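>
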Amino acid sequence: MTGAHELEVTTQPGGLLFTCVVDGCGRRMAIDREGRYSVIDRGDATASHRGGVGGVELDLPQVRMT
Numbered sequence: 001m002t003g004a005h006e007l008e009v010t011t012q013p014g015g016l017l018f019t020c021v022v023d024g025c026g027r028r029m030a031i032d033r034e035g036r037y038s039v040i041d042r043g044d045a046t047a048s049h050r051g052g053v054g055g056v057e058l059d060l061p062q063v064r065m066t
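Spelled out as structure tokens, the structure:
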């Protein structure tokens with residue numbers, strides 16, 4: 001099931017809930033109003049998850065050499 005998975009975003013009074021739309025994955029992540037990020041359900045941890053709403057977007061990580 002590895003690959004790029006799309007996240008669906010739901011706004012809640014306490015923040016944003018990101019849920020993977022790929023059947024069988026089940027990854028759920030939240031960002032609260034203070035900007036803290038939490039993984040609720042890992043789902044397929046080997047897949048790249050991305051999605052966004054408004055000015056908030058989760059995308060592939062960027063690796064930089066310094």
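Per the UniProt record's numbering, residue 1 is the first one in the sequence shown, and the count goes up by one each step.
Glycine included, each C-beta is placed from N, C-alpha and C at the ideal position.
None of the values given here were measured: they were computed from a predicted structure.
How many whole angstroms separate the CB atoms of Leu16 and Val53, which I take to be in contact at a CB cut-off of 8 angstroms?
By one-based count along the sequence shown, residue 16 stands at place 16. By one-based count along the sequence shown, residue 53 stands at place 53. 7 angstroms between Cβ atoms; contact.
> Report back the beta-carbon spacing between Thr19 and Arg28 to the nearest angstrom; my notes put them in contact at under 8 angstroms.
Counting from one through the sequence shown, the residue named residue 19 turns up at place 19. Counting from one through the sequence shown, the residue named residue 28 turns up at place 28. Between Arg28 and Thr19 the Cβ distance is about 5 angstroms, and since that is below 8 angstroms, they are a contact.
> Gly15 bridges to which residues according to DSSP?
Taking the sequence shown and counting its residues from 1, the one referred to as residue 15 is at position 15. Paired residue(s): Gln12, Asp32.
> What are the start and end residues of the beta strand (DSSP E) that includes Gly51?
As a working mapping, residue 51 is identified with position 51 in the sequence shown. From DSSP, the beta strand (DSSP E) with Gly51 extends over 48-53.
> Residues in its own chain within less than 6 angstroms of Thr46 by CB, not counting five upstream and five downstream?
The sequence position of residue 46 within the sequence shown is 46, counting from 1. These residues qualify, in order along the chain: Thr2.
> Tell me the residue span of the beta strand (DSSP E) that contains Val39.
As a working note, residue 39 is residue 39 in the sequence shown. Its beta strand (DSSP E) spans residues 37-41.
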